[in-house]
Amino acid sequence: MIIRIFYTKNLRNAEFAQLHSDNIALIEKFGAENMGIAALFATYKTLAVEYLQTNKRTVKSNFTKQIKDADAQRDKIYNATVEACKIMLRHFNKDVAEAALRLMNMFNSYGYVSKKSLTQQAAATTLVLSQLRSERYKNDVETVRISDWVDELENCNKAVDKLMKERFNEAAENAKLHSNKQLRNQVEKTYRAIAERINALIALGEEEPYKNYLRSHDVLTDHYRKTLKIRAAKSKSAREREKP
Numbered sequence: 000m001i002i003r004i005f006y007t008k009n010l011r012n013a014e015f016a017q018l019h020s021d022n023i024a025l026i027e028k029f030g031a032e033n034m035g036i037a038a039l040f041a042t043y044k045t046l047a048v049e050y051l052q053t054n055k056r057t058v059k060s061n062f063t064k065q066i067k068d069a070d071a072q073r074d075k076i077y078n079a080t081v082e083a084c085k086i087m088l089r090h091f092n093k094d095v096a097e098a099a100l101r102l103m104n105m106f107n108s109y110g111y112v113s114k115k116s117l118t119q120q121a122a123a124t125t126l127v128l129s130q131l132r133s134e135r136y137k138n139d140v141e142t143v144r145i146s147d148w149v150d151e152l153e154n155c156n157k158a159v160d161k162l163m164k165e166r167f168n169e170a171a172e173n174a175k176l177h178s179n180k181q182l183r184n185q186v187e188k189t190y191r192a193i194a195e196r197i198n199a200l201i202a203l204g205e206e207e208p209y210k211n212y213l214r215s216h217d218v219l220t221d222h223y224r225k226t227l228k229i230r231a232a233k234s235k236s237a238r239e240r241e242k243p
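If you're matching positions, the sequence shown starts at 0 in numbering that gives the first Met the number 0 and goes up one per residue.
Encoded structure:
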């Protein structure tokens with residue numbers, strides 16, 4: 000009976016983290032001291048816990064859907080603001096109609112803002128808002144009675160801008176965390192060292208202290224072996240379907 004070392008390079012980060020979290024729990028259950036691996040286990044646990052915290056921070060949040068929803072709301076308000084102004088082109092009051100025309104000419108100069116990329120749309124919306132707040136157009140905004148729409152558009156634009164900045168900061172932090180790939184390698188190296196130490200002790204005839212741990216370890220790693228096997232089969236099937 001020996002411990003079957005599980006090579007984890009094909010595991011995803013979350014899977015890798017979970018495997019070692021579960022393995023730490025097993026070793027603590029059966030006793031690192033009893034298995035003669037206390038010093039190695041202390042190093043392994045320190046590295047693994049650091050990796051677990053890193054992985055949690057990396058996958059904790061995802062702003063993509065939030066930005067998509069906020070952008071959709073901004074599009075809705077922007078288009079409604081333009082439409083509210085456009086309706087006033089037919090106003091019976093000449094001053095209102097002329098104010099609406101000046102505003103429409105300004106809106107039209109920026110093209111279809113809601114069709115632009117996120118970055119371009121953010122820049123265009125900010126410029127439109129600055130125009131609407133300017134001395135040149137602020138009286139027209141009041142005359143056409145779209146001040147409330149302009150206020151809401153500004154709120155929506157700020158909401159999208161805030162989320163984009165948060166996503167940028169998160170991406171920068173994740174890039175920083177991912178740059179230290181050595182941490183995962185160190186966890187793997189220490190895990191193997193523990194397995195090799197246990198196998199060496201078993202070879203010396205000290206099998207009894209390890210029986211329960213080995214059985215539990217096999218159950219744990221078999222789960223991930225099956226996961227990788229299924230994933231490989233799906234990947235192979237997808238490649239075959241793509242062949243002409």
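For each residue, glycine too, the CB sits at the ideal point set by N, CA and C.
None of these values were measured; they are calculated from a predicted model.
If you measure from the CB of residue i, is any heavy atom of the ligand MN nearer than 8 Å?
i   : result
G30 : Ligands are entirely absent from the displayed structure, and the ligand MN is therefore not among its contents.
So residue i is in the alpha helix (DSSP H); what residue range does that whole segment cover?
i    : result
H19  : N12 to F29
T80  : T63 to I86
M34  : It is not in any alpha helix (DSSP H) - M34 carries neither H nor E in the DSSP assignment.
N92  : N92 -> no alpha helix (DSSP H), and no H or E assigned at all.
L117 : L117 to R132
E141 : K137 to V143
Specify the secondary structure class of residue i as computed by DSSP and reduced to three states.
i    : result
R191 : helix
T7   : coil
R238 : helix
R166 : helix
M0   : coil
Y111 : coil
L200 : helix
K180 : coil
E205 : coil
K59  : Only weak support is given to the placement of K59: the predicted model assigns it a pLDDT of 47, under 50, and the value that follows is read from those uncertain coordinates. In the structure shown, K59 sits in coil (DSSP, three-state: anything other than H, G, I, E or B).
Since residue i contacts residue j with CB under 8 Å, what's their CB separation in whole angstroms?
i    : j    : result
L88  : A99  : 5 Å
V159 : L102 : Going by Cβ atoms, the distance from V159 to L102 rounds to 22 Å, so no, they are not a contact pair.
Y43  : T189 : 4 Å
L18  : I193 : That belief does not hold up - the Cβ atoms of L18 and I193 are roughly 13 Å apart, past 8 Å.
T45  : Y77  : In fact, because the Cβ distance is near 52 Å, the residues do not count as touching under 8 Å.
S113 : D74  : 4 Å
Y41  : V186 : Here the sequence assigns Ala to residue 41, which means Tyr is not the residue at that position. 13 Å between Cβ atoms; not a contact.
Excluding sequence positions up to five away, which residues of its chain have a Cβ less than 6 Å from the Cβ of residue i?
i    : result
A37  : A31
W148 : T80 and A83
L131 : V140 and V149
S178 : Model confidence at S178 stands at a pLDDT of 47, short of 50, so the residue's coordinates are unreliable; what they give is reported in the following sentence. Excluding residues within five positions, none has a Cβ falling inside 6 Å.
F106 : V81
Is it right to say residue i is buried, meaning 16 or more other beta carbons lie within 10 angstroms of its own, or is it exposed?
i    : result
M294 : In the structure as shown, the chain starts at 0 and stops at 243, and residue 294 therefore has no counterpart that could be examined.
Y136 : buried
H216 : buried
D139 : buried
R183 : buried
T63  : exposed
Q119 : exposed
I86  : exposed
Y111 : exposed
V218 : exposed
A24  : exposed
E207 : exposed
N22  : buried
I229 : exposed
I'd like to know whether the C-beta of residue i is nearer than 9 Å to at least one C-beta of chain C.
i   : result
V48 : The question asks about chain C, but that chain is absent: this structure has only one protein chain.
Keeping to the same chain, check which residues put their C-beta closer than 7 Å to that of residue i; ignore five residues upstream and five downstream.
i    : result
I1   : N198 and I201
E153 : L128
Y223 : F5, L10, E14 and L18
L51  : A16 and S20
S146 : V140
F29  : N211 and Y212
D94  : T142
For residue i, which residues of its own chain have a beta-carbon under 8 Å away from its beta-carbon, when the five flanking residues on both sides are left out?
i    : result
L162 : F62, Q65, I66 and A69
D121 : Note on residue identity: the sequence assigns Ala, not Asp, to residue 121. The residues are N156, V159, D160 and M163.
E165 : F62
R191 : I4
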